[in-house]
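With the working numbering as the guide, the letters of the sequence shown map in order to residues 8 to 218.
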Amino acid sequence: MFGESKIFVYNYVTKAPRKICLKTKIYGLKSLVFNEKRIVALCEAQTICVIPNIASEKPVEVFKDKLRTEATKIKMVGDMVIVLFYDGILETSQVVTDENNMVSFTKWHVLMGQNAECFPGYVNAITDFDIQGQLFSAILANGEMFLSHFESLDHDSLERNVHSHFKIPITFDASYLTRMTMDVDGDIKLAVVETLGYAPLAQLHMLYADK
8 MFGESKIFVY NYVTKAPRKI CLKTKIYGLK SLVFNEKRIV ALCEAQTICV
58 IPNIASEKPV EVFKDKLRTE ATKIKMVGDM VIVLFYDGIL ETSQVVTDEN
108 NMVSFTKWHV LMGQNAECFP GYVNAITDFD IQGQLFSAIL ANGEMFLSHF
158 ESLDHDSLER NVHSHFKIPI TFDASYLTRM TMDVDGDIKL AVVETLGYAP
208 LAQLHMLYAD K
């Protein structure tokens, strides 16, 4: 939970919050992910922040970087960060630390590119994605879904395996896929939301896939 210059991480085992004090304030939180080492947050004004995930009364450094445009969602696999931008492009980068313990991002790479030259129009933009274990899935507004297994936690492996895709039947001509989530406990289960563009209506698709 963000509150100006502090983060409170709730531990569901001990039932106690753990406070992390920040040297610089964070505003406009949109999405965040974390692991044992760090917290990575998407904030307003195209900002991405990296914070050490350590309890400390002494304020910790906050690394801030500028993204090329606004982003909607973030996931982290090991040190790899995957970001979905508003223009429907998924990009990845690595969080690295140098010998002076300074944090930075490696060059951003396009994982799935829905640029205007190849896929004109919003209907072909990626609208959501999920990673569970070593399974990756993404949906496009026009009904396409990608489901892939990756063997190692790096960009090349994800890119190499993003090839299995299928089409979800769209119910209405003016509707598109907007949200998805994935459950890999037992069989692979995917829940996908289809939204009607000109009315506040939505439909839930439940899909099952073999491992």
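For every residue, glycine included, the Cβ atom is placed at its ideal position computed from N, Cα and C.
Item: Considering GLU98, what are the terminal residues of the alpha helix (DSSP H) in which it resides?; Value: That residue, GLU98, is in no alpha helix (DSSP H); its beta strand (DSSP E) goes 97-104.
Item: From which residue to which residue does the beta strand (DSSP E) around ASP180 run?; Value: From DSSP, ASP180 is part of no beta strand (DSSP E); its letter is neither H nor E.
Item: Would you check if the distance between the CB atom of LEU184 and the CB atom of LEU214 is smaller than 8 Å?; Value: no
Item: Which one or two residues does DSSP pair with VAL88 in a beta bridge?; Value: MET83, SER100
Item: Is it buried or exposed, LYS114, if we count other Cβ atoms within 10 angstroms and call 16 or more buried?; Value: exposed
Item: Skipping 5 residues on each side, what residues in its chain have a beta carbon closer than 7 Å to that of LYS137?; Value: According to the sequence as given, residue 137 is Asp; it is not Lys. Hits under 7 Å: SER144, MET187, THR188, MET189.
Item: Following the continuous beta strand (DSSP E) through SER159, name the residue where it begins and the one where it ends.; Value: That residue, SER159, is in no beta strand (DSSP E); it is neither H nor E in DSSP.
Item: Quick one: using the 10 Å Cβ neighbour count with 16 as the cut-off for buried, is LEU208 buried or exposed?; Value: exposed
Item: Keeping to the same chain, check which residues put their C-beta closer than 7 Å to that of VAL57; ignore five residues upstream and five downstream.; Value: ARG45, VAL47, PHE70, VAL102, VAL110
Item: For ASP135, count the other beta carbons within 10 Å of its own beta carbon; 16 or more makes it buried, fewer makes it exposed. Which is it?; Value: buried
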